[in-house]
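To start, the structure under review is shown below, and the notes come after it.
There are 2 protein chains.
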Amino acid sequence: MHRPRSPMPSTGEQLLFLTDDQLRQGIELMFFAYRGFTADPDRILDDLAYGRAHHRALHFIAHRPGLTVNELLEILGVTKQSLNRVLRQLIEDDLVASRVGDVDRRQRLLSLTEAGAALEARLSEAQRARMRAAYSRAGPDAVQGFKRVLEEIISPQMREKISRLEEGDTR
Amino acid sequence: MHRPRSPMPSTGEQLLFLTDDQLRQGIELMFFAYRGFTADPDRILDDLAYGRAHHRALHFIAHRPGLTVNELLEILGVTKQSLNRVLRQLIEDDLVASRVGDVDRRQRLLSLTEAGAALEARLSEAQRARMRAAYSRAGPDAVQGFKRVLEEIISPQMREKISRLEEGDTR
DNA sequence: TTGGAAAGTCAACAAGGCTGACATAAACTG
DNA sequence: CAGTTTATGTCAGCCTTGTTGACTTTCCAA
Chain A
-11 MHRPRSPMPS TGEQLLFLTD DQLRQGIELM FFAYRGFTAD PDRILDDLAY
39 GRAHHRALHF IAHRPGLTVN ELLEILGVTK QSLNRVLRQL IEDDLVASRV
89 GDVDRRQRLL SLTEAGAALE ARLSEAQRAR MRAAYSRAGP DAVQGFKRVL
139 EEIISPQMRE KISRLEEGDT R
Chain P
-11 MHRPRSPMPS TGEQLLFLTD DQLRQGIELM FFAYRGFTAD PDRILDDLAY
39 GRAHHRALHF IAHRPGLTVN ELLEILGVTK QSLNRVLRQL IEDDLVASRV
89 GDVDRRQRLL SLTEAGAALE ARLSEAQRAR MRAAYSRAGP DAVQGFKRVL
139 EEIISPQMRE KISRLEEGDT R
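Chains A and P supply the protein sequences, listed in that same order. Take -11 as the starting number for the first sequence in our numbering and just add one per residue. Take -11 as the starting number for the second sequence in our numbering and just add one per residue.
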């Protein structure tokens, strides 16, 4: 079913989704959704001695085993001192393994231990469950739009950094 | 155009957007996008003596003038002690006005002063600019999907709370 | 062999969460 | 009217997670 082209001027009706009110709605949705997004893993972490920072580290180590401390630093966007505190705990608790780099022996290559993988899976599954439910209620087309807009919100420099890491580019 | 049924089990091909890998992509997008989402106002706040917590308070007071401390508490999902610290600064600095409720004189009705509205507008515009750019690059259909999925991610109790406040329902 | 990069560590600090305890005023209720 | 509940504010102390600055150790590469 095709609607006839609008009689409004070109900057009119098609751009109603760009009004300040529409933008404000999106902003508030981001705020509330991010809270929901982190709520389930946060509840699990509360019982253990860990916080959201530990979850983030576990998450990215899980899916990029062998990444260096520096790469993780760039992904997380925190200082090495801040990450170090979290990482030290995870290594002490035998959730993360740190081995000397084989090409560059200054580097530390991070990976999860069995226990680390188990905790990560538990946290991840809690988070995925909510996303899975949201995705299936919203449907594939909505999900595509969701991802499209999120990608556009990310800073270009960050997007570059991400794709560099995904390609395994070791510049 | 009908493709013949996939040789996969019935839950197969239509649900590819629900695979763990697709979900993980969405999760990482949420993480990176949220950072982009807050980056611009954060930069402005850095120069002033304020943080993200002040921005959030200003934002919700701006668009719901006359809301009570309790309502703001529920929206933000923090303790009154935490909010109070932020609110006290904003009131001292004459960015937020607090007047005694007319119906219930125990309540404090919050609103922005001229200076508060000016700062809020500055922060808000920085954030909207990024959202506006993302929206226009992604297009209206993507934006609709974006909002749809975000709504689904929010916890039902939170959704209820929000719509109660939007209706001005004073239960 | 030496300069510099990568990594780790220590110290000090700040923002912004939290809990618990308590005070005050106003509203509600029996 | 007395007693209770509600809304708000405040004090004190704690935790997590971020920051900067200074310094050391390791070790690659010119």
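Glycine is no exception: its CB is placed at the ideal position from the N, C-alpha and C atoms.
task = Could you spell out the range, first to last residue, of the alpha helix (DSSP H) harbouring S124(P)?
result = Note, S124(P): alpha helix (DSSP H), E102 to A126.
message = Can you determine whether any heavy atom of the ligand FAD sits closer than 7 Å to the C-beta of D8(A), and answer yes or no?
response = The ligand FAD is absent from the structure shown, which contains no ligand whatsoever.
query = Taking the DSSP output, what are the residues bridged to S86(A)?
reply = L98(A)
key: Cβ distance (whole Å) where R125(P) is taken to contact L6(A) below 8 Å   = At roughly 11 Å, the Cβ-Cβ gap does not stay under 8 Å, so R125(P) and L6(A) are not in contact.
inquiry  = Can you pull out the residues from the stretch 42 to 60 of chain P whose beta carbon lies closer than 8 Å to at least one beta carbon of chain A?
reply    = R44, H47 and H51
inquiry  = Strictly below 8 Å CB to CB, what residues from chain P border L24(A)?
reply    = First, the amino acid is wrong: residue 24(A) is Gly here, not Leu. Correct list: I141, I142, S143 and M146.
query = Using a C-beta cutoff of 8 Å, does I150(P) count as contacting chain A?
reply = Closer than 8 Å to some Cβ of chain A, the Cβ of I150(P) qualifies, so yes.
task = Would you please state the rounded distance, in angstroms, between the beta carbons of H42(P) and L55(P)? I believe it to be under 8 Å.
result = Contact flag wrong, Cβ pair sits at about 16 Å.
inquiry  = Could you compute how far the alpha carbon of L75(A) sits from the alpha carbon of E108(A)?
reply    = Their Cα atoms are separated by approximately 14 Å.
ask   = Excluding sequence positions up to five away, which residues of its chain have a Cβ less than 8 Å from the Cβ of D28(A)?
value = A114, Q115, A117 and R118
query = Roughly how many whole angstroms lie between the Cα atoms of A37(A) and G104(A)?
reply = 14 Å
message = For the pair the stretch 142 to 149 of chain A and the stretch 14 to 29 of chain P, tell me if three or more CB-CB distances fall below 8 Å.
response = yes
request  = May I ask you to list, following chain order, the residues of the stretch 66 to 84 of chain A that have a beta carbon less than 7 Å from some beta carbon of chain P?
outcome  = none
task = Name, please, each residue of chain A whose Cβ falls closer than 7 Å to the Cβ of D8(P).
result = R116
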